[in-house]
Structure formats: C-alpha cells, structure tokens
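Chains as they are written, first to last, in the numbering used here: chain A, 1 to 201; chain B, 1001 to 1201.
Using N, Cα and C, we set each Cβ at its ideal position, and we do this for glycine too.
Protein chains: 2
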Amino acid sequence: MEEPGTKSSPRDRIVDTATALFRKHGIRGIGVDAIVEAAGTNKMTLYRHFGSKDELVAECIRGQAAHADEKWAKLACEYPNDPVGQLGGWIKMVANYICTEVHGCDLVNTAIELHEDEHPARAVIAEFKTVHLRKLAEVCRAAGAADPELLANTLYMLMEGARVSRQINGADGPSARFMRVAEAAVAASIAAGVAGAAEVG
Amino acid sequence: MEEPGTKSSPRDRIVDTATALFRKHGIRGIGVDAIVEAAGTNKMTLYRHFGSKDELVAECIRGQAAHADEKWAKLACEYPNDPVGQLGGWIKMVANYICTEVHGCDLVNTAIELHEDEHPARAVIAEFKTVHLRKLAEVCRAAGAADPELLANTLYMLMEGARVSRQINGADGPSARFMRVAEAAVAASIAAGVAGAAEVG
DNA sequence: CGTAAGTGTGACTGACCTGTAACTATCGGG
DNA sequence: CCCGATAGTTACAGGTCAGTCACACTTACG
C-alpha cells in the first residue's frame, strides 16, 4: 500500500519501537506513552491499530516469530538436501544468537514475564516453539539420527539452557560450550544411527 | 528471641507471603499493598524491615538460595564419599523440580524479569548460580569425568533448558527427557574418564 | 508503674499506568 | 472541491504504584 523505504508507516514504527523497548525494559517496564513518543506518533494511533497494549505485545511477538521463521527457511536453502549440514548450520546460528543477542530469546523472556495464562502472546509463543521443535526433530530424522526425537529434545534443552545461562553466568559461563556439546551430541547420535542401520541392513 | 511455631513474626510472614506472590504474579505483577494485606500486616512494618520493595525482593531471593543450599547439603549427606551417586541424586532432584515446580526456577525467572542491572537481587542470583555451577563441576571431577567442567556445563545447560522448556512446551516437551539425557551424559563422560585414566596408567 | 520497642492504622503524596473522548489536520481519489 | 480515511493534539478519567507520615496500640521487662 505504501513504498517502504521512503517513510515507514506509524503502525510499523510502533511495532519496531515497541519491540526494542520491550526488549530493553521488559513488557511491564515500559508504558504506551513512552512507546508512542519514541515512535514519533501518538496514543490514539496506537489504539486504533492495536486494541490494547496486550495485543501490541502479541503483534511484536508475531513479528519476531516471523523473523525467526525466515532464518530457518534460509538455513534450508543454504544446505539443500543436506540435513546434517542443516543441523550444523542450526547450531552455528544458535551459537551466534548467544553471542549477539545477549539478553536471551525474546519469546522465552516474554513468556516468563507474562504470568497471565490468557495473554494473547502466550499462544503465539507456544505455537512457535512447538513448531520449532518439530522442525528440528524432522531434520534430525533426515540426518539419520538413532533417536531423532531424543536428539531434537537434547539440542532444544541445550539451546534454551545456553541462552538463559548467557544472561546469568555471562559469556564465559556454560553457554561458551554450547557449540561443542551440541555438535558432539549430533555426531554421537548419527554415528549410533549409522551403526543401527548397518546392523539391520 | 521468639519461639518459632507459636506465632511467626511479621517479618517472616512478609518474606514468605511475598515469595509466594512474586512466584504467582511476578515481581512487577504484585504491589506491596497486596503483599502486606496477604501477610496480615501493614506497609509501615514492611518498610521498617526492608527499606524498599527491591530489598524485599532480594531478601526473598536470598531465602530461596538458602533453601537450595540446604538441599544441596542434604545431597552430599545422602551419598557420602560417593560422587557418582551424588550426580545421580542431583539429576533426580532436578527432575523432581521439573515435575513439581512447573513455573520454573524462581531465581532465573526473577533475573529475566528484572531488567535493571543494579537491582540488589541480581547479585544474589549471579552469586548463587556461579557457586552452584562450581559445586557441580567439583562433583563431576570427583566422579572421574573425562572433562569435569565440560560435563558440569552440559548438565547445567540441560537443567536450565529443561526448566524453561517445561513452562513453554509443557510436561510432554523436551523436559520429559531431561533425566535420560543427563544420565547418558554422565555415563559417557565417566566411561571416557576411566578409559583415559587406563591409557595413562 | 514506667518506659521503650515493635507493631498497626489510615490518610496522604506524587508519579505513573491504560484507555477514552472530542476535536483538528492532512492528503489522495472521485 | 469535497469525502473519507488516517493521523495528530489536548485533555482527562479511573486506577495503581511505591513510599511517607503522625499517631495509637500492644507487649514485655525492670
């Protein structure tokens, strides 16, 4: 409807600004007044586009999830028909997140901060994380892991643990070993899978 | 100064009540008015004992950390001179936490919710988690792990990841496999340690 | 009895919060 | 040139927040 690049719409500015401010101060740590002021707009525009602050939060989360989906799709393109390479790429991507996004996963942080069960953002978060885990398991299966679901669960726990630990124990904490541990888990599972297949075959 | 059991002091009631309410609603989700009302006391008593809400938060965290230290000490008593047994006990303890404390680790949740770097609770949390990790590494070393620090970091990431995942992916998510994965990691590391020692010896 | 420490009470401040209302300004398409 | 949609302005409602104050009460101890 509008050329992007010339001048972003108030709606987009609100979402982008809110995402950044929520990340920095937490959901409850920033008010809508501060958001609209930083976005260079006003409160009425915010409430016309999003019915409530909670809906704005959900929209921000949706944007983050979409961005993560893109990253995942790019990974599949980079390693076509190479699930083992995809697993390695995923590990590298997560390791990169740990180094650059020091504050952890926004979806996890939001889920932990929001204690209301009926919050619209919760469903978005749960859906995304479930799909992420399923995709990971599929890649593990394609890579020939002995127990693909077990490997996916292991990698998932390591990822979440590393990103949480990065915030508390710092860069030199356990998260520094994430890549090494994850790669070892993948190698062991694939080796066992090959051995198992050989036994059968 | 006062017999415990007859009637708890207002101070203790405030800490216990605040801990429970913070857990249920989050730090920013509950006000001091609600805390003192639930504790059967008043705001002035709270502010006479703790200079601010932030200090009360830090005191609650200190209490939780002390409780966790007790659990750890009990573990050492249950498996005297048996570091391998202690590792198994630790895994079982964490697995039990995952099942019973569905909302995750209060220290982690608080650290994620509090975005102010200078918050008095942050130092308490970082200190406790660092000590926990060091203790874990010492037990791994005593148990004869090939790379004790690596094993400790692995177990730590699995623990944090499992407890976070429990909140988002539910009981049937990756956290259901925590015990199995953790025990396998311990077994593999100890086996490699024994093999390495045999090579040397 | 006297005193002192700890505790309870309710009113209060000033700031901040989400959300609404009424009105005005801009701008593109018919 | 007007219409309708989008956006901006100002003001405010109705709450909640942390934190303070003066004052009264209970309890224990000498």
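Between the C-alpha atoms of residue i and residue j, what's the straight-line distance to the nearest angstrom?
i       : j       : result
L46/A   : N153/A  : 39 Å
S189/A  : A20/A   : 39 Å
N96/A   : Q1064/B : 33 Å
E37/A   : E59/A   : 19 Å
A1068/B : G1051/B : 25 Å
G89/A   : L75/A   : 7 Å
E1116/B : V1194/B : 46 Å
A192/A  : L1136/B : 29 Å
R1048/B : T1017/B : 17 Å
T41/A   : E70/A   : 29 Å
S8/A    : V15/A   : 11 Å
E1127/B : T1110/B : 14 Å
A143/A  : I91/A   : 14 Å
V94/A   : C105/A  : 10 Å
E78/A   : D172/A  : 30 Å
H1119/B : D1054/B : 7 Å
A66/A   : L87/A   : 20 Å
D1082/B : A1073/B : 14 Å
E101/A  : G29/A   : 19 Å
R1166/B : C1099/B : 8 Å
V1139/B : P1010/B : 39 Å
R1141/B : P80/A   : 42 Å
G170/A  : H25/A   : 19 Å
By DSSP, does residue i sit in helix, in strand, or in coil?
i       : result
P1148/B : helix
E116/A  : coil
V102/A  : coil
T1041/B : coil
F22/A   : helix
N1096/B : helix
F50/A   : coil
D69/A   : helix
P174/A  : helix
D1010/B : Here residue 1010/B is Pro; the residue named in the question, Asp, does not match the sequence. It is helical.
D1016/B : helix
P1203/B : Lying before the first or after the last residue shown, residue 1203/B is absent from chain B, which here runs from 1001 to 1201.
A143/A  : coil
R1166/B : helix
I1125/B : helix
I1030/B : coil
M1/A    : Low confidence applies here, because M1/A scores a pLDDT of 34, under 50, leaving its location unreliable and the question unanswered by this model.
A1184/B : helix
Should residue i and residue j be called a contact, given that it needs their Cβ atoms to be closer than 8 Å?
i       : j       : result
I125/A  : I1168/B : yes
A1034/B : R1013/B : no
R1177/B : H1103/B : no
I1061/B : E113/A  : no
V164/A  : V1108/B : yes
G1196/B : A1146/B : yes
K1043/B : V1032/B : yes
L1151/B : A1185/B : yes
P203/A  : A162/A  : Given that chain A is displayed from residue 1 to residue 201, the structure contains no residue 203/A and the question cannot be resolved.
Would you say residue i touches the ligand NAD, meaning its beta carbon is less than 7 Å from a heavy atom?
i      : result
E116/A : What this structure holds is no ligand at all, so the ligand NAD is not there to describe.
Check: Is there contact between the segment 152-168 of chain A and the segment 177-189 of chain A, where contact requires at least three CB pairs shorter than 8 Å?
Finding: yes
Note to self: Check whether the segment 124-138 of chain A and the segment 1114-1133 of chain B touch, using three or more Cβ-Cβ pairs below 8 Å as the test.
What the structure shows: Flag = no, the segment 124-138 of chain A and the segment 1114-1133 of chain B do not touch.
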